[in-house]
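For reference, the structure discussed in these notes is given below.
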Amino acid sequence: MAAMPNDFANRRTMRSLNSEQEQEVVDAHNAARLRASSSNMMKMRYNKVLAAQAQAHADSCVEAHSGLASENMFFSSANTINMSQAVHNWEIEKYDYDYDTNTCKEGRACGHYTQVVWASSDEVGCGASNKCGGDYKTHIVCQYLPSGNYAGVRPFKTGAPCSDCTACGHSCENGLCTRETSLCTDDHNYCRNMFSSSGFTKPLCYVSPTPGNYVVEYCNVPMCGQ
305 MAAMPNDFAN
315 RRTMRSLNSE
325 QEQEVVDAHN
335 AARLRASSSN
345 MMKMRYNKVL
355 AAQAQAHADS
365 CVEAHSGLAS
375 ENMFFSSANT
385 INMSQAVHNW
395 EIEKYDYDYD
405 TNTCKEGRAC
415 GHYTQVVWAS
425 SDEVGCGASN
435 KCGGDYKTHI
445 VCQYLPSGNY
455 AGVRPFKTGA
465 PCSDCTACGH
475 SCENGLCTRE
485 TSLCTDDHNY
495 CRNMFSSSGF
505 TKPLCYVSPT
515 PGNYVVEYCN
525 VPMCGQ
């Protein structure tokens with residue numbers, strides 16, 4: 305989609321979401337994820353590195369994905385910023401999603417929903433601007449890690465909640481899988497068994513040292529189950 309015209313000299317933008325809005329984002333995602341009745345659904349947490357990227361993209365007022373991470377976007381003609389409403393709009397796409405065939409209904413979109421409930425995506429960061437020009441004054445952007453929405457892959461496993469929380473340092477909290485945050489160096493770097501299809505055989509730290517840059521390295525912890 306084409307970028308909307310902007311008047312950067314006169315347009316004021318939000319610097320970032322406040323703490324209440326951040327919590328609203330996390331709560332709305334986790335409520336939607338719990339409603340999916342999944343056996344391996346991770347509990348979502350907030351990532352300020354992703355939020356900085358998402359805010360920059362929201363401030364750009366571009367109606368196209370940034371390409372920096374898995375991403376959901378919401379546009380509104382109103383100038384109010386309602387994070388719960390944005391997540392709700394993404395979640396109701398579930399009525400256009402068929403889990404058995406892993407497809408959207410013909411002519412309908414469901415990719416926003418599948419990202420909201422992508423089981424392994426457990427970090428989210430969002431940004432919003434209500435000073436865009438054109439028909440859509442408000443742009444809301446949320447980005448996710450690890451990335452989801454892979455073609456041909458279902459977003460989650462069905463089954464009893466938390467019955468498939470199998471990764472290192474994971475436990476169950478109110479029906480959602482949670483992970484130990486101290487396995488790596490800080491709140492945004494964490495240990496996972498990832499990329500086995502690429503030949504990695506040990507748990508990895510997935511690190512975001514700067515917005516838009518991601519590296520992985522082996523964690524200094526045992527393999528899951530060992």
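Numbering follows the numbering used here, in which position 110 of the sequence shown is assigned residue number 414; successive positions increment by one, without gaps.
We treat Cβ as the ideally placed atom computed from N, Cα and C, and that holds for glycine.
This structure is a prediction, so every number in the text was calculated from the model and none was measured.
Can you tell me the Cβ-Cβ gap for residue i and residue j, rounded? I've got them flagged as a contact below 8 Å.
i      : j      : result
Ser421 : Ala358 : Here residue 421 turns out to be Val, not Ser, going by the sequence shown. Contact doesn't hold; Cβ gap of about 19 Å is too wide.
Glu367 : Phe379 : 7 Å
So if DSSP puts residue i in a beta bridge, which residue, or which two residues, is it bridged to?
i      : result
Ala432 : Ile444
Cys408 : Tyr401
Met346 : Cys481
What residue from the options has the CA that sits closest to residue i's CA?
i      : options                           : result
Thr531 : Ser374, Gln325 and Arg458         : Residue coverage of the chain in this structure runs from 305 to 530, which leaves residue 531 outside it and unanswerable.
Ile444 : Glu397, His474, His369 and Asn351 : His369
Ala423 : Asn453, Asn351 and Ser323         : Asn453
His361 : Val329, Cys430, Pro459 and Val330 : Cys430
Glu328 : Ala355, Val353, Ala340 and Ser388 : Ser388
Ala455 : Ser425, Arg483, Ala356 and Gly415 : Gly415
Val457 : Gly437, Asn376, Thr407 and Asn478 : Thr407
Asn434 : Asn351, Gly479 and Ser381         : Ser381
Helix, strand or coil for residue i? Go by DSSP, reduced to three states.
i      : result
Arg458 : coil
Leu372 : coil
Ser253 : Because the chain is modelled from 305 through 530, residue 253 falls outside the range shown and cannot be assessed.
Thr418 : helix
Leu449 : strand
Ser475 : strand
Leu321 : coil
How would you call residue i, buried or exposed, if buried means at least 16 neighbouring beta carbons within 10 angstroms?
i      : result
Thr489 : Only weak support exists for where Thr489 lies, its pLDDT of 38 falling under 50; the value from the coordinates is given anyway. So Thr489 ends up on the exposed side.
Ala464 : exposed
Ser374 : buried
Asp363 : buried
Ala432 : buried
Thr405 : exposed
Ala306 : In this predicted model, Ala306 has a pLDDT of only 33, less than 50, meaning its place in the structure is not dependable enough to derive any value.
Asp426 : buried
At the 9 Å Cβ level, is residue i part of the contact set with chain B, yes or no?
i      : result
Glu397 : Although the question refers to chain B, the structure presented lacks it and comprises just one protein chain.
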